[in-house]
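J.: Positions 0 to 283 (numbering that gives the first Met the number 0) are the ones given, in order, by the sequence shown.
Each residue gets a CB set at the ideal place from its N, CA and C atoms; glycine is no exception.
I have a structure I would like to understand better, so I am pasting it below and will then ask my questions one at a time.
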Amino acid sequence: MAILVGGLGCSHVPSIGAALDKGLMQTPDWKPFFDGIGPGRDWVAAQRPDIAVAIFNDHGNAFFLDRVPTFAVGCADRYEIADEGWGPRPLPAFDGDAAFGWHLADTLVANSFDPTVLQEVEVDHGLQVPMELFWGRPAARWPVRVVPIFVNVIQQPTPLPSRCYAFGAALRQAIDSFPGDARIVVLGTGGLSHQLQGARAGFVNPAADRAFLADIARDPEKLASMSREDYVRVFGSEGAELIMWLVMRGALDRAVRVCHSHYFVPASMTGVGMLVLENAAKAI
């Protein structure tokens, strides 16, 4: 069976991508954030995963408001870089793992999930930014195959946090039953606290962000039991993206070890974080 090497949590703020493109990593505004990502990148390099299952949300590039799937699974061999209005970023396209994508889709249906299956889709900063933070920017080809999972956190009704956590358990079942010895890492992306519109535009909640980074490791059931309204109230309307980290956490064992945790605020009016988790009883 495949090997789950760990879970990664990461913000996907588009301004991080802009900072990378413009070489701003050591400027005063960005240095505190980028100085904290090295241990996450080192962990990935040491683990050498073959497949990255990445949970993120589209931002109006693959889907528009006339049709937004609650959960969608990529089953393609290749994922091109989306043009988000200023041309595609200078990143290589992502190689997919269609075999695992189809296996995951089948496992999800067996567990009473009904995902949309995507055989062709472009991916935006929701995937690009976390991948570059953990793997760096390759000159020609990414050293890992990607299986994207899209979650609707844009248009109501969005999935329950508990449903995302249960989705993660089904994802774990798919990993454990996938033939071969592929090394798989799961990325949960989005957040942390931020709100981009309305009366609370500019809202961030650093105390809640720090508590979330601790609770996602030690008490994920607490976070899974919160309502969708709780997430909006505590983390802001866009901070509700954090339910996607529950998919990653649901794929791990109940007991995990925190290998790295990093928090910075604000980045483009957003609290941003990085987390690296391993199962406490980790397989070699």
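Quick check on VAL150: does DSSP put it in helix, strand or coil?
T.: VAL150: strand per DSSP, three-state reduction.
J.: Using beta-carbon positions only, say whether PRO160 and LEU126 come within less than 7 angstroms of one another.
T.: No; because the gap between Cβ atoms is not below 7 angstroms, this pair is not in contact.
J.: Distance check for ALA210 and ALA165, CA to CA, integer angstroms please.
T.: Those two C-alpha atoms are separated by around 22 angstroms.
J.: My assumption, with CB atoms under 8 angstroms, is that VAL150 sits in contact with ILE50. Please give the rounded CB distance.
T.: With 8 angstroms as the limit, VAL150 and ILE50 do not qualify as a contact, their Cβ atoms being about 19 angstroms apart.
J.: Helix, strand or coil for GLU220? Go by DSSP, reduced to three states.
T.: Helix at GLU220.
J.: Just mark GLU220 as buried or exposed, buried being the case when its beta carbon has 16 or more other beta carbons within 10 Å.
T.: Classification of GLU220: exposed, given that the 10 Å Cβ count is below 16.
J.: Which residue comes first and which comes last in the alpha helix (DSSP H) that contains HIS124?
T.: Looking at the DSSP string, the run of the alpha helix (DSSP H) that includes HIS124 is 124 to 134.
J.: Nearest by alpha-carbon distance to ARG162: which of GLY95, PRO31, ALA250 and VAL275 is it?
T.: Answer by Cα proximity: ALA250.
J.: Please identify the residue among TYR230, PHE93 and VAL233 whose C-alpha is closest to the C-alpha of GLU131.
T.: Of the candidates TYR230, PHE93 and VAL233, the one whose C-alpha sits nearest the C-alpha of GLU131 is PHE93.
J.: When the distance is taken between beta carbons, is GLY187 closer than 7 angstroms to GLY8?
T.: In this structure, GLY187 lies closer than 7 angstroms to GLY8 by Cβ.
J.: What separation, rounded to the nearest whole angstrom, lies between the Cα atoms of GLU83 and GLY16?
T.: Using only the alpha carbons, I get a separation of about 12 angstroms.
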